[in-house]
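Undergrad:
The following block contains the structure:
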């Protein structure tokens, strides 16, 4: 604004460049947002509402006061209300109250939107919706505790702090010199604007946001919803991924392959009891769904007298049907009653099968469903053996991650042999046998060492998964977590990058940074490649921007402060920056790339390039300008033309030096630089443009000073970088 008010609007062209960057970036972000909104609609929370005696799924905004809403394990409570009926309803209210322990809610008690069902089912009557409830804050409350900044965002923050530390004293020195020695508002504003504005990498922040938005759009087309834009380039930093087994590595749907009755039990009776259990259970998980699908008998749903909902922590559940207590859970719980059955369970689990036992108890079910003890008189009726299949492309994805030095660990509630078999089939390496989650060491260092040696951990609780992720992170690993169930949520919260399956529970999707809407694990390599491309391109572009900041500081210190005159007008710096940084950086930040990438030492790597390059280029510009102004006795306009030309020549040389890859990309970059040089040549040759930018028509002396300064700037840059092995 000062430039427009006190100087010439022509010297405010840099504002137009900023506005153009914002407009282009906004267009790309709007385009990306539309694609993300379409994906978000697929995973948006929905409510199961009982109206007119029938259940119907509704969008959250369609729920009204007085509705009866049914919730089950993994679902979120979408409105405030009062429980009408409850079967072991246990809620995670940590987002609302800060209480980490799940809370048991019964008939007549309140439930709040923003909480999640950990176990059990319930029917509640809606008492408040919209702005009167907590539903409007659902997304924020679900993720308020985790907004992990990506490595690039952290590095960029540090970079900006260093640039501000550099710019402040330089700006103060220039301002004192100009105000003390220059007469007239226009001349003062021109000198200050040219020196100060170019100390700031004005387009770098816009480009970082733009590349993230474009990448979000690209992975959205693969069926991945980015709920945090920084999460995309965080994929480049991930060096270890913990993943659930079922639904991620394997197909979510199970199939029944064998029934093995206990001694003295007929197979038909075992099948009938399994069918009764699956048909009568108030809520079905994938195991009960597979048993029901197998149609073991014509059983109809029976009234449930009492129940113990399934919990991955205790690994069993129970129903009271017609005065009988049926139990279902891990075979180890029944191991002492039938050694032959236990041996068969271990054999099948070792082959990668999921094995469950069903049994009967004469004792009443425990009244405390929060921490019930397994009945001591439990008698096994037999085993049900279920099979899982690796998802298509799982082995290829695991091989890709291994080739990119990304470790993969499987954390599952299934038995260690079962989890180990799946890990082995997927090709996950490990020098030790699968671990038992119940026997993990408590010491973080010992836990970390044990997990890193093994390919998988079985029979692990939700708290165990969280402890593993935290221990790995404390050891310096950047940990990603993939999960889809309630038992994965604590680990998702602790991870640096949370990835949820689109088919998973609402609770997991709400805390995730990325959601695999398609549920396809094979999209992970593409996401990793996209994140690394962002990091690689931004590292290169950042070097270009910071190099400009450094040589601008050299010009201020060498010429601006001593003479109170800047070697370039703001409008001249605008045309030079446009052809050397603005257009090339925009194209290169979005272009495909290959080559090395780093998540650590970002700032030091940028500084190793930008400091020597910026200083030598700055010295070349100073030498060319002084040669023209005082050696060849050219006027100020001609000397500034020389300085502008050196900036263009050196800037394009920096672009070529940064894009040092051989092959097609180098040819494309060379073509781009040639086109930019021609644009600047047009500004010199066309009278209107030459007058607009206050450039002089090239003559012999201008060409000599230009060539000398460019040779010193470019040669000095290349030599210094070669000596420093950058």
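In this note's numbering, the protein residues as written are 166 to 891. All C-beta atoms, glycine included, are put in the ideal place defined by N, C-alpha and C.
Beta-carbon separation of residue 579 and residue 410 under 8 angstroms?
TA: Taking the chain shown and counting its residues from 1, the one referred to as residue 579 is at position 414. Taking the chain shown and counting its residues from 1, the one referred to as residue 410 is at position 245. Yes, the Cβ-Cβ distance between residue 579 and residue 410 is below 8 angstroms.
Undergrad: Ignoring anything shorter than 4 residues or poking outside the segment 583-636, list the alpha helix (DSSP H) runs there in chain order.
TA: Complete alpha helix (DSSP H) runs here, min 4: 609-618.
Undergrad: For a test of the three-state rule: what should DSSP assign to residue 277, helix, strand or coil?
TA: In the chain shown, residue 277 corresponds to position 112, counting from 1. If DSSP states are grouped into helix, strand and coil, residue 277 belongs with coil.
Undergrad: Taking only the alpha-carbon atoms, compute the straight-line gap between residue 120 and residue 322 and give it to the nearest angstrom.
TA: No answer is possible for residue 120: it lies beyond the span of the chain, which begins at 166 and ends at 891.
Undergrad: Are the segment 426-441 and the segment 503-523 touching, with three or more C-beta to C-beta distances below 8 angstroms?
TA: Segments in contact, yes.
Undergrad: Assuming residue 519 and residue 486 form a contact by the criterion Cβ under 8 angstroms, report the distance between their Cβ atoms to the nearest whole angstrom.
TA: Taking the first residue of the chain shown as position 1, residue 519 is located at position 354. Taking the first residue of the chain shown as position 1, residue 486 is located at position 321. Actually they are not in contact, since the Cβ atoms of residue 519 and residue 486 sit about 23 angstroms apart, beyond 8 angstroms.
Undergrad: What residue from 708, 725, 770 and 482 has the CA that sits closest to residue 749's CA?
TA: Within the chain shown, numbered from 1, the residue matching residue 749 stands at position 584. Of 708, 725, 770 and 482, the residue nearest in Cα terms is 708.
Undergrad: According to DSSP, what are the bridge partners of residue 838?
TA: Position 673 of the chain shown, counted from the start, is the residue given in the question as residue 838. In DSSP, residue 838 forms no bridge with anything.
Undergrad: Starting from the Cα of residue 598, find the closest Cα among 583, 609 and 320 and give me that residue.
TA: One-based indexing of the chain shown puts residue 598 at position 433. The residue with the shortest Cα to Cα distance from residue 598 is 583.
Undergrad: If you draw a straight line from the alpha carbon of residue 661 to that of residue 725, how long is it in whole angstroms?
TA: The count along the chain shown starts at 1 and reaches residue 661 at position 496. The count along the chain shown starts at 1 and reaches residue 725 at position 560. About 46 angstroms.
Undergrad: Would you call the CB atoms of residue 527 and residue 542 closer than 8 angstroms?
TA: The sequence position of residue 527 within the chain shown is 362, counting from 1. The sequence position of residue 542 within the chain shown is 377, counting from 1. Yes.
Undergrad: For residue 793, which residues of its own chain have a beta-carbon under 6 angstroms away from its beta-carbon, when the five flanking residues on both sides are left out?
TA: One-based indexing of the chain shown puts residue 793 at position 628. Cβ neighbours of residue 793 beyond the five flanking positions: 799, 804, 807 and 870.
Undergrad: Would you tell me roughly how many angstroms separate the C-alpha atoms of residue 692 and residue 384, rounded to the nearest one?
TA: Taking the first residue of the chain shown as 1, we reach residue 692 at position 527. Taking the first residue of the chain shown as 1, we reach residue 384 at position 219. Using only the alpha carbons, I get a separation of about 7 angstroms.
Undergrad: For the alpha helix (DSSP H) that contains residue 375, what are its first and last residues?
TA: Within the chain shown, the letter at position 210 stands for residue 375. Its alpha helix (DSSP H) spans residues 369-385.
Undergrad: Give every residue of the same chain whose Cβ lies closer than 7 angstroms to the Cβ of residue 946, excluding the five residues on either side of it in the sequence, and list them in chain order.
TA: Residue 946 lies beyond the range of the chain shown here (166 to 891); nothing can be said about it.
Undergrad: On the CB-based measure, 16 or more other CB atoms within 10 Å of its CB, does residue 307 come out buried or exposed?
TA: Sequence index remark: in the chain shown, residue 307 carries index 142 (1-based). With a pLDDT of only 43 at residue 307, under 50, the local geometry of the prediction cannot be trusted, and the value read off the model is given with reservation. Under this definition residue 307 is a buried residue.
Undergrad: Of the residues 572, 420, 605 and 557, which one's Cα is nearest the Cα of residue 521?
TA: Your numbering for residue 521 matches position 356 in the chain shown. The residue with the shortest Cα to Cα distance from residue 521 is 420.
Undergrad: Could you tell me the distance, in whole angstroms, from the CA atom of residue 557 to the CA atom of residue 284?
TA: For the purposes of this step, residue 557 is taken as residue 392 along the chain shown, with counting starting at 1. For the purposes of this step, residue 284 is taken as residue 119 along the chain shown, with counting starting at 1. Straight-line Cα distance between these residues: approximately 31 angstroms.
Undergrad: Can you grab the Cα-Cα spacing for the pair residue 248 / residue 289, in whole Å?
TA: Counting from one through the chain shown, the residue named residue 248 turns up at place 83. Counting from one through the chain shown, the residue named residue 289 turns up at place 124. Rounded to whole angstroms, residue 248 to residue 289 spans 4 angstroms at the Cα level.
Undergrad: Assuming contact is defined by CB atoms lying nearer than 8 angstroms, are residue 845 and residue 740 in contact in what I supplied?
TA: In the chain shown, counting from the first residue as 1, residue 845 sits at position 680. In the chain shown, counting from the first residue as 1, residue 740 sits at position 575. Yes, the pair counts as a contact, with Cβ atoms nearer than the cut-off.
Undergrad: Can you name the residues that DSSP bridges to residue 289?
TA: Position 124 of the chain shown, counted from the start, is the residue given in the question as residue 289. Note: residue 289 sits in a beta bridge opposite 234 and 248.
Undergrad: Residue 656 by DSSP, collapsed to three states: which one?
TA: As a working mapping, residue 656 is identified with position 491 in the chain shown. In this structure, residue 656 counts as helix in the three-state DSSP scheme.
Undergrad: How about residue 445 and residue 484: are their beta carbons less than 8 angstroms apart?
TA: As a working mapping, residue 445 is identified with position 280 in the chain shown. As a working mapping, residue 484 is identified with position 319 in the chain shown. Yes; because the gap between Cβ atoms is below 8 angstroms, this pair is in contact.
Undergrad: Thinking just about the alpha-carbon of each residue, which of 823, 591, 852 and 616 is nearest to the one in residue 887?
TA: Locating residue 887 in the chain shown gives position 722, where the first residue counts as 1. Nearest option by C-alpha distance: 823.
Undergrad: Assuming residue 681 is part of the beta strand (DSSP E), what are its boundary residues?
TA: The residue labelled residue 681 in the question sits at position 516 within the chain shown. Counting along the chain, the beta strand (DSSP E) containing residue 681 begins and ends at 679-681.
Undergrad: Do you know how far the Cα of residue 364 is from the Cα of residue 723?
TA: Working through the chain shown from its first residue, we reach residue 723 at position 558. Working through the chain shown from its first residue, we reach residue 364 at position 199. So the two alpha carbons sit approximately 15 angstroms from each other.
Undergrad: Using DSSP's beta-bridge definition, name the partner residues of residue 574.
TA: For the purposes of this step, residue 574 is taken as the residue at position 409 of the chain shown. The partner list for residue 574 (beta bridge, DSSP) reads 407.
Undergrad: Looking only at its chain, what residues have a beta carbon closer than 6 angstroms to the beta carbon of residue 775, apart from the 5 residues adjacent to it on each side?
TA: Taking the chain shown and counting its residues from 1, one reaches residue 775 at position 610. Within the same chain, residue 775 has close Cβ partners 708, 711, 712 and 715.
Undergrad: With burial defined as no fewer than 16 other Cβ atoms inside 10 Å of the residue's Cβ, what is the status of residue 337: buried or exposed?
TA: As a working note, residue 337 is residue 172 in the chain shown. With fewer than 16 Cβ atoms within 10 Å of its Cβ, residue 337 is classed as exposed.
Undergrad: Rank 495, 509 and 532 by C-alpha distance to the C-alpha of residue 473 and give the top, closest one.
TA: Mapped onto the chain shown, residue 473 falls at position 308. Comparing Cα positions, the closest option is 532.
Undergrad: Can you list, in chain order, the residues of its chain with a C-beta nearer than 8 angstroms to that of residue 855? Leave out the 5 residues immediately preceding and following it.
TA: Here residue 855 is taken as the residue at index 690 of the chain shown, counted from 1. If we look at residue 855 and ignore the five residues flanking it on each side, its Cβ neighbours are 848, 849, 861 and 862.
Undergrad: For the segment 614-631 against the segment 373-393, are there 3 or more C-beta pairs whose distance is under 8 angstroms?
TA: With a cut-off of 8 angstroms, the segment 373-393 and the segment 614-631 do not count as touching, because too few Cβ pairs lie within range.
Undergrad: Mind checking residue 275: buried by the 16 CB within 10 Å criterion, or exposed?
TA: As a position in the chain shown, residue 275 is number 110, starting the count at 1. So residue 275 ends up on the exposed side.
Undergrad: Since residue 600 contacts residue 627 with CB under 8 angstroms, what's their CB separation in whole angstroms?
TA: Along the chain shown, one-based indexing puts residue 600 at 435. Along the chain shown, one-based indexing puts residue 627 at 462. The Cβ separation is near 16 angstroms, so there is no contact.
Undergrad: So who's on the other strand from residue 888, going by DSSP bridges?
TA: Looking up residue 888 in the chain shown gives position 723. Its beta-bridge partners do not exist; DSSP assigns none.
Undergrad: Who does residue 666 pair with in a DSSP beta bridge?
TA: In the chain shown, the residue the question calls residue 666 occupies position 501. Per DSSP, 681.
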